[in-house]
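Q: Numbering (this note's numbering), first residue to last: 6 to 682. Beta carbons: idealized from backbone N, C-alpha and C, even for Gly. On a predicted model such as this, the values are computed, not experimentally measured, just so you know.
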Amino acid sequence: MIALKPFNRIAAILCLCLLNHLCPAQGKAKDTWGKISSADFETPANSPVIDSNTSAIILSDYGIANFVGNKNGWFSNVYKRHTRIKILNKKAIGLASVKIEYYSAGDDPDKLSDIQAVAYNLENGQVVATRLDSKDIFEDRIDKEYSSKKFSIPGVKDGSIIEYTYKVTSEHLHIPSWAFQWQEYPCLNSEFQVEIPQTMYYVFVRQGVHPFAVDKGSDGNLSYRVSRKVGSGLVSTDDEMTVSANTVKHDWVMKNVPAFGSERYLSTPANYIDKIEFQLSKTYDGQDYHDQSNNWATATENLLKREDFGGSLDADNTWLDASIDKITAGSTNTLEQARAIYYYLSQHFTCTDHYDPYIKTNLHDAVKKNSGTVGDVNLLLVSMLRRRGINADPVLLSTREFGFNLATYPILQRLNYVIARVRIDGKTFYLDAAYPQLGFGQLAGNCYNGHARVISKQDSCSLWFWADSLREGKVTMVLITSSDKGFEGAWQSTLGKEESYEVRRKVAEHGEESYFKSIQTAYGDDCDISNSGIDSLERPEDPVKVHYDFVVKESSGAGILYFNPVMGDGWHENPFKAADRKYPVEMPYSMDETYVFSMQIPAGYAVEELPKSTKVAFNGDQGYFEYLVGQSGEMLQLRCRVKLNRATFQPEDYSPLREFFGYIVKKENEQIVLKKK
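1) Quick one: residues in its chain with C-beta nearer than 6 Å to the C-beta of T599, no 5 flanking neighbours on either side, listed in chain order?
2) Looking at the unbroken beta strand (DSSP E) that takes in L475, where does it start and where does it end?
3) Relative to the alpha-carbon of K116, which residue among I105, A371, I416, F185 has its alpha-carbon at the smallest distance?
4) So, under 8 Å CB-CB, A438 and L350 are touching, yes? Tell me the CB distance rounded to an integer number of Å.
5) Determine the direct distance from the alpha carbon of S109 to that of P245, and round the result to whole angstroms.
6) Less than 8 Å between the C-beta atoms of R426 and Y435, yes or no?
7) Give a yes or no on whether the C-beta atoms belonging to N77 and L178 are separated by under 8 Å.
8) Which of the three DSSP states, helix, strand or coil, is assigned to V508?
9) In whole angstroms, what separates the C-alpha of F80 from that of V231?
10) Quick one: complete beta strand (DSSP E) runs, 3+ long, within the stretch 80-168?
11) Quick check: the Cα distance between S376 and D370, rounded to an integer number of angstroms?
12) Roughly how many angstroms lie between the CA atoms of I485 and G538, to the nearest whole one?
13) Using 10 angstroms around the beta-carbon of W257, count the other beta-carbons present and answer buried if the total reaches 16, otherwise exposed.
14) Which same chain residues end up closer than 6 Å to S498 when comparing Cβ atoms and leaving out the 5 residues on each side of it in sequence?
15) Name the residue from T333, N569, D66, S465 whose alpha carbon lies nearest to the alpha carbon of F197.
16) Which full runs of the alpha helix (DSSP H) of 4+ residues lie inside the stretch 273-320, going along the chain?
17) Using the beta-carbon count (16 or more within 10 Å), is L633 buried or exposed?
18) Could you pull the start and end residues of the alpha helix (DSSP H) that M205 belongs to?
19) Measuring only the C-alpha atoms, how far is S336 from I329?
20) Going straight from the alpha carbon of P49 to that of A584, what length do you get?
21) From T303 to D398, what distance separates their C-alpha atoms?
22) To the nearest angstrom, report how far apart Q203 and K287 are at their CA atoms.
23) Taking only runs that begin and end inside the stretch 412-445, name each unbroken alpha helix (DSSP H) of 4 or more residues, in chain order.
24) For R89, collect the residues of the same chain with a Cβ closer than 7 Å to its Cβ; drop the 5 residues on either side in sequence, then sort them by chain order.
25) Apply the 10 Å Cβ neighbour rule to N300 and answer buried if 16 or more other Cβ atoms are within range, or exposed otherwise.
26) Quick one: residues in its chain with C-beta nearer than 8 Å to the C-beta of Y422, no 5 flanking neighbours on either side, listed in chain order?
27) How close, in whole Å, do the beta carbons of F283 and I120 come, if the pair is a contact with beta carbons under 8 Å?
28) If you follow the alpha helix (DSSP H) that N383 is part of, which residue opens it and which one closes it?
29) What are the boundary residues of the beta strand (DSSP E) that includes F666?
30) If you count every other CB in all the chains shown that lies within 10 Å of the CB of P216, and 16 or more means buried, which is it?
31) Use the C-beta contact count for E543: other C-beta atoms within 10 angstroms, 16 or more gives buried, fewer gives exposed.
32) Can you list, in chain order, the residues of its chain whose CB lies under 7 Å from that of T355, leaving out five sequence neighbours each side?
33) Is C28 helix, strand or coil by DSSP?
34) I'd like to know whether the C-beta atoms of S541 and D547 end up nearer to each other than 8 Å.
35) Given G32, which residues of its chain have a CB within under 7 Å of its CB, disregarding the five upstream and five downstream residues?
36) Can you find the residues in the same chain that come closer than 8 Å, C-beta to C-beta, to L23, ignoring five residues on each side of it along the sequence?
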């Protein structure tokens with residue numbers, strides 16, 4: 006709670022109003038609730054954002070955030086939302102199931118109230134309403150800080166219009182972000198209003214590419230009833246007054262906002278969808294301004310004190326020593342001890358929640374169950390390493406699918422993951438024991454999402470993990486000979502670290518047989534694979550090698566054989582189909598893929614047509630494509646290489662990137678033609 010000056014002092018400076026009637030302390034929401042007519046069921050004609058694939062239309066989405074005086078001598082934020090949706094077909098029925106999350110921890114939890122929901126259907130020309138019963142609203146605990154209320158609107162079917170509204174009252178001065186754009190559905194009208202007394206100052210952060218239809222600010226003045234307890238025990242009373250304050254009002258409106266859709270090679274729509282966010286920067290108590298901008302020093306200090314984070318690391322964890330002695334028995338140096346502890350945890354503990362960086366109950370419980378959140382697993386790793394005198398600290402970050410984390414302003418709700426930073430003999434390692442398929446010193450690709458923060462008493466600092474820094478190499482070798490069965494060959498592909506990790510995860514989840522079955526399916530009926538295998542599956546620091554034998558049936562006519570030398574996982578289609586793109590291309594890593602092909606020319610055949618060799622550069626020195634093909638005696642040989650030195654490309658780079666891959670696809674689909682002598 007913000008510290009306040011003496012109550013009468015505040016009242017004097019904020020202009021105490023001795024009024025008989027209190028002016029409204031919050032803006033009025035637009036009164037459109039329940040106003041549905043038969044005309045509303047007609048789908049707008051010639052809309053630029055609605056097409057034949059549209060399964061629902063967000064008719065209107067309206068939010069308002071303002072403030073009221075509270076009983077703690079300050080202000081509470083009141084947030085209201087009213088959403089109206091037309092369901093066009095059953096693909097969008099899920100929109101009738103609503104989940105509202107809110108802060109529920111501490112002495113001043115948020116209050117979620119005034120939930121209403123209705124489904125409207127047009128029957129015989131009449132609008133029939135089916136209302137949500139309050140007994141069908143269910144509450145659920147998400148974690149230690151957040152809860153949710155869920156409900157499903159009854160009576161929803163194809164053609165229904167649904168609407169729901171709710172209110173959240175919070176004493177934490179947090180104005181929720183507002184998304185004008187929906188990922189899967191177009192929105193005809195989205196509006197957000199704020200009205201803020203000038204005792205609080207917020208920074209507005211805008212994201213997205215679509216323009217506002219309305220972006221209007223104005224000044225105003227409102228009166229607020231503020232009170233707080235005076236005295237104690239039986240003699241305490243409410244000291245109440247009416248305070249007048251200048252306000253800042255702002256109204257943002259977007260119309261005909263298209264669905265965000267799905268873009269290949271994009272971390273998450275949450276990073277780019279049209280929205281506005283709010284950050285409290287300072288408060289005014291009637292006499293002084295108080296900086297409220299959060300900073301990493303304060304956040305780090307608080308995290309180190311939390312029992313479900315840093316507090317557990319500082320606890321007396323001597324009970325771990327006996328286990329650590331057994332785990333590290335036979336280790337001859339510090340690095341070997343760290344490896345032993347890491348692999349013991351990664352192989353013997355199961356991560357039950359990869360989106361909770363905090364300890365669920367306590368480290369004792371995690372050890373007893375051999376399972377827990379990513380916080381349980383990796384904070385236990387930090388604790389065990391420290392018990393051996395190894396320099397280890399937790400690192401908080403946000404994974405790619407969770408959205409960007411701000412480097413300048415800590416928002417803990419955005420930090421969904423924790424790893425360990427370990428320093429041994431002048432070298433730094435980043436460890437994640439939550440996935441048994443990761444090798445020592447390796448992180449999964451989704452951790453490469455920009456800013457991360459070391460939480461340490463001695464040297465807390467910012468780190469950056471970028472996908473551009475991941476250099477992923479792959480070498481594939483194919484050798485083909487001819488026989489009476491057709492073309493017989495051997496395939497071997499040696500993968501980079503990240504792709505090796507992904508293969509290990511797939512095999513662990515679905516099995517090796519399923520993995521090769523998908524390869525067989527991709528080849529189709531013209532190719533049969535056998536003698537398949539994957540090397541180094543159980544050695545996570547070694548590259549995975551996928552290998553198998555195959556037989557390709559001859560495809561011939563009039564003594565002519567057609568053969569595509571680029572087999573398997575080549576670039577057989579352009580991953581960038583759209584003519585333009587508004588958002589960056591975010592590949593998981595930079596690539597260096599080499600494909601080597603050797604083929605014995607079948608007896609009695611000669612080369613009729615051979616693709617031409619070529620080499621093209623991409624954006625100067627940012628990458629290249631090389632395709633070298635030739636004949637040496639009875640052998641045909643091809644060396645194909647695709648190299649990109651970056652993983653992330655801005656929208657202005659999209660067109661040349663699309664052309665680059667278009668050229669690769671065209672070239673890799675060219676065929677060798679053999680003709681009978």
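A: Quick answer:
1) V480, R646
2) Premise fails: L475 is in no beta strand (DSSP E) and is neither H nor E.
3) I105
4) 4 Å
5) According to the sequence displayed, residue 245 carries Glu and not Pro. Looking at the two C-alpha atoms, the distance is approximately 27 Å.
6) yes
7) no
8) helix
9) 8 Å
10) 80-92, 102-108, 116-128, 131-136, 143-146, 151-157
11) 9 Å
12) 18 Å
13) buried
14) T481, V551
15) D66
16) 301-310, 315-319
17) exposed
18) Careful: M205 lies outside any alpha helix (DSSP H), inside the beta strand (DSSP E) at 205-212.
19) 11 Å
20) 27 Å
21) 17 Å
22) 10 Å
23) none
24) L64, S65, I166, E168
25) exposed
26) H359, Y360, P362, V379, L401, L402, S403, T404, F407, C452
27) Their Cβ separation, rounded to whole angstroms, is 23 Å, which puts F283 and I120 out of contact at 8 Å.
28) 379-392
29) Per DSSP, F666 belongs to no beta strand (DSSP E); it is in the alpha helix (DSSP H), 659-673.
30) exposed
31) exposed
32) N375, S376
33) Confidence at C28 is low in this model, with a pLDDT of 37, below 50, so its placement is unreliable and no value can be given for it.
34) yes
35) Low local confidence applies: a pLDDT of 44 at G32 is under 50, so the model's placement there is unreliable, with the coordinate-based value given in what follows. If we look at G32 and ignore the five residues flanking it on each side, its Cβ neighbours are I69, N71, Q198, E200.
36) Unreliable placement is indicated for L23, whose pLDDT of 28 sits below 50; the coordinate value is still reported in the next sentence. Excluding sequence neighbours, L23 sits near T247.
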